[in-house]
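Asks: Just dropping this structure here.
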Amino acid sequence: MQKILNIAETKDTPSVVFDKANGKFELKGKSLPEDVNEYYDELIAWLEEYKEDPNPETIFTFNLEYYNSASVRKIVDILLILDNIHKAGKKVLVRWLYADYDDKMGEVGEDFKILVELPFEIVSFSKED
Amino acid sequence: MTTNSINTFFKILENDNICFAYRGSFNNAILSMATELVKNNIGEEHAKLKNKISFLMIESFQNIAKYADSDVLEEPTDESDFFMVRNIGSSFYIVSANLIENSKIDIVREKLEKVNTSDKKELNQLYKTVLTNKQLNEKGGAGLGFIEMVRKTKGKLPFDFVKINDEKSIFFMQINLTNPKTEKEGESLAGIDEVKLIHKMVAQDNILMYHRGNFTKEAVGPVLKMIEDNMSSMKFKAQKKAFHFLVEILQNISKHGYEIEDKREGLFLISMKNGQFEIGTGNYIANSKVENLKKQIEQVNNLSNDNLNNLYRKYLREGRVTDSGSAGLGLIDLARETDENINYEFEQLNDKYSFFSLTVKL
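Residue numbers (my numbering), protein chains in the order written: chain A, 4 to 132; chain B, 52 to 413.
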């Protein structure tokens, strides 16, 4: 079984849980690194490996508070890998979560949704903490 | 705010290695942001002064009487307090400007003149007297704060009062701290008149804060972190938007700014008027990059929102093929977020680089 990828959140990068055994795939927090490759290479390598032998169903959650434009490309890369898994006949669902007061993150979810041919849910949640 | 005001600010602060200023309601979040920012940006040669500078900043901050209860950024008003810290050459300057009732001017003046004219021995004596005799302090003996400032800096405290009406004046004060190890012969100190000029400009443009310094990758991170912490209630759309703008703009300067002696000099300002944020930046850029950048800004300025969305999505699709840096994605994203045009100006300074200033309302 592919090893779990678990990265803690930092001031400018999101937390990651990629857990094949438990079917958990999540990116959560802020994505503002200057050097996006440095951060995302590992994630993308993991997903490339996963793509070769994916679960019958993958639910992938984005729960991002902010992003910089450099991160956008990397999010696209992740979506394209998921797109390929979907095209290969596996079930894939992308869940794009955003805080209800933050239209911006909702809108950018729409941009991504249009980009890929995947089941793609955009879900707002109320954040009162 | 205009590109012209950015130009003027940048020129006034041209010799500052670092300059941070804040105008508005004061609270502890602002204080920790300012002290962290300065600590992180002090050059190695001044490392030994770090603690002293923090101490003096706190002392000066607390001298500005009005502390706000909330940690949320508030719009500055004509009566807002002003705080600035800067480093030029071997000297650090901690500046405050706040309102004072005209009736109290004489008392403050007397205290300051007393500490400014006392020698070391007299100061120590004064210090002891004030510590042990509360009454004297209340009646108008030199305040402990002023005595401490002078003892710590071994210098004088320049000050001035500028009358604004029959009741109130602005009280300007500056703490000078010079690093004796790096001081060069003939190095002169910045005067308080410059502070008065800066204060006037800041008020004219409704500026909430500005920061001038080195915008390399290492320096931008902590700045953003602190601004984010400070805009703690990011639920407010306008603040989040302002932060988003700053991330893109500062990272852009750190990537594309023209490097002089390992530094990417830059300036950013945030102003707020009638609840609307405006962000301005200024930095050097290589002449070879000017035409392209101009073209890109014009492009996004001339597109409708729908067309910007289309362009954004086109970049998303094609970006993966070309993979050439950020390909204008950041700029398109900024333009999508505001209905206002991006104002900009390029001023060619020599055959290598130009000064690029930008303002945008959110």
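The beta-carbon is built from N, C-alpha and C at its ideal position, and this holds for glycine as well.
Excluding sequence positions up to five away, which residues of its chain have a Cβ less than 6 Å from the Cβ of residue 77/A?
Replies: 39, 43
Asks: So, does the CB of residue 384/B fall closer than 8 Å to a CB anywhere in chain A?
Replies: At a cut-off of 8 Å between C-beta atoms, residue 384/B counts as an interface residue with respect to chain A.
Asks: Residue 81/B by DSSP, collapsed to three states: which one?
Replies: For residue 81/B, the three-state secondary structure derived from DSSP is helix.
Asks: Of the residues that make up the stretch 295 to 324 of chain B, which ones have a beta carbon closer than 8 Å to any beta carbon in chain A?
Replies: 295, 298, 299, 302, 305, 306
Asks: In this structure, does DSSP put residue 278/B in helix, strand or coil?
Replies: helix
Asks: Output yes if chain A places a C-beta closer than 8 Å to the C-beta of residue 272/B; else output no.
Replies: yes
Asks: Report buried or exposed for residue 215/B, applying the criterion of at least 16 other Cβ atoms within 10 angstroms of its Cβ.
Replies: exposed
Asks: In the DSSP assignment, find the unbroken beta strand (DSSP E) run with residue 344/B in it and report its ends.
Replies: Looking at the DSSP string, residue 344/B is not in any beta strand (DSSP E); the run it does join, the alpha helix (DSSP H), is 338 to 352.
Asks: Can you give me the Cβ contacts of residue 191/B inside the same chain, cut-off strictly under 8 Å, excluding the 5 residues immediately before and after it?
Replies: In this predicted model, residue 191/B has a pLDDT of only 47, less than 50, meaning its place in the structure is not dependable enough to derive any value.
Asks: So the alpha helix (DSSP H) residue 114/A belongs to, where does it begin and stop?
Replies: 106 to 118
Asks: Could you confirm whether any beta carbon from chain A is found closer than 8 Å to the beta carbon of residue 276/B?
Replies: yes
Asks: Determine the extent of the beta strand (DSSP E) in which residue 262/B is found, giving its start and end residues.
Replies: 258 to 265
Asks: Where does residue 192/B fall in DSSP's three states?
Replies: Reliability of the predicted coordinates at residue 192/B is poor, the pLDDT of 49 falling under 50, and no value is obtained from them.
Asks: Quickly, what does DSSP pair residue 72/B with across the bridge? List them, please.
Replies: 135/B, 261/B
Asks: Can you find a CB in chain C that lies within less than 8 Å of the CB of residue 129/A?
Replies: Among the protein chains in the structure shown, which are A and B, there is no chain C.
Asks: Quick one: what's got a C-beta closer than 6 Å to residue 408/B's C-beta in the same chain, skipping five residues either side?
Replies: 54, 57, 58, 333, 396
Asks: Which residues mark the beginning and the end of the alpha helix (DSSP H) in which residue 381/B is found?
Replies: Its alpha helix (DSSP H) spans residues 380 to 388.
Asks: Taking Cβ-Cβ distances shorter than 7 Å, what residues in chain B pair up with residue 72/A?
Replies: In chain order: 299, 377, 380, 381, 384.
Asks: Do residue 300/B and residue 328/B have their C-beta atoms closer together than 8 Å?
Replies: no
Asks: Tell me, please, whether the CB atom of residue 346/B is closer than 8 Å to any CB atom in chain A?
Replies: No, residue 346/B does not count as interfacial toward chain A.
Asks: For chain B, check one thing: does any of its Cβ atoms lie closer than 8 Å to the Cβ of residue 54/A?
Replies: no
Asks: For the pair the stretch 383 to 401 of chain B and the stretch 303 to 315 of chain B, tell me if three or more CB-CB distances fall below 8 Å.
Replies: With contact defined as three or more Cβ pairs closer than 8 Å, the stretch 383 to 401 of chain B and the stretch 303 to 315 of chain B are not in contact.
Asks: Cα-Cα, which of 406/B, 321/B, 411/B is closest to residue 348/B?
Replies: Ranking the options by Cα distance to residue 348/B, first place goes to 411/B.
Asks: Does DSSP classify residue 172/B as helix, strand or coil?
Replies: helix
Asks: With a threshold of 7 Å on Cβ separation, who are the neighbours of residue 86/A within its own chain once the five nearest residues in sequence on each side are excluded?
Replies: These residues qualify, in order along the chain: 119, 120, 121.
Asks: For chain B, check one thing: does any of its Cβ atoms lie closer than 8 Å to the Cβ of residue 37/A?
Replies: Look at residue 37/A: its C-beta is under 8 Å from a C-beta on chain B.
Asks: Identify, in the order they occur along the chain, each residue of the same chain with its Cβ nearer than 8 Å to the Cβ of residue 52/A, setting aside the five sequence neighbours on each side.
Replies: Closer than 8 Å at Cβ, skipping near neighbours: 5.
Asks: Looking at chain A, which residues of the stretch 333 to 366 of chain B have a Cβ within less than 9 Å of any of its Cβ atoms?
Replies: 360, 363, 364, 366
Asks: Look at the alpha carbon of residue 234/B and the alpha carbon of residue 226/B, and state the distance between them as a whole number of angstroms.
Replies: 17 Å
Asks: Which residues of chain A have a Cβ atom closer than 9 Å to the Cβ of residue 368/B, listed in chain order?
Replies: Ordered by position in chain A, the residues that pass the 9 Å Cβ test against residue 368/B are 79, 118.
Asks: Taking the CB atoms as reference points, tell me whether residue 321/B and residue 351/B lie closer together than 8 Å.
Replies: no
Asks: Going along the chain, which residues of its own chain have a beta-carbon closer than 6 Å to the beta-carbon of residue 145/B, five neighbours each way excluded?
Replies: 107, 108, 111, 136, 226
Asks: Alpha helix (DSSP H) containing residue 46/A: first to last residue?
Replies: 39 to 55
Asks: What do you reckon, are the CB atoms on residue 133/B and residue 74/B nearer than 8 Å?
Replies: yes
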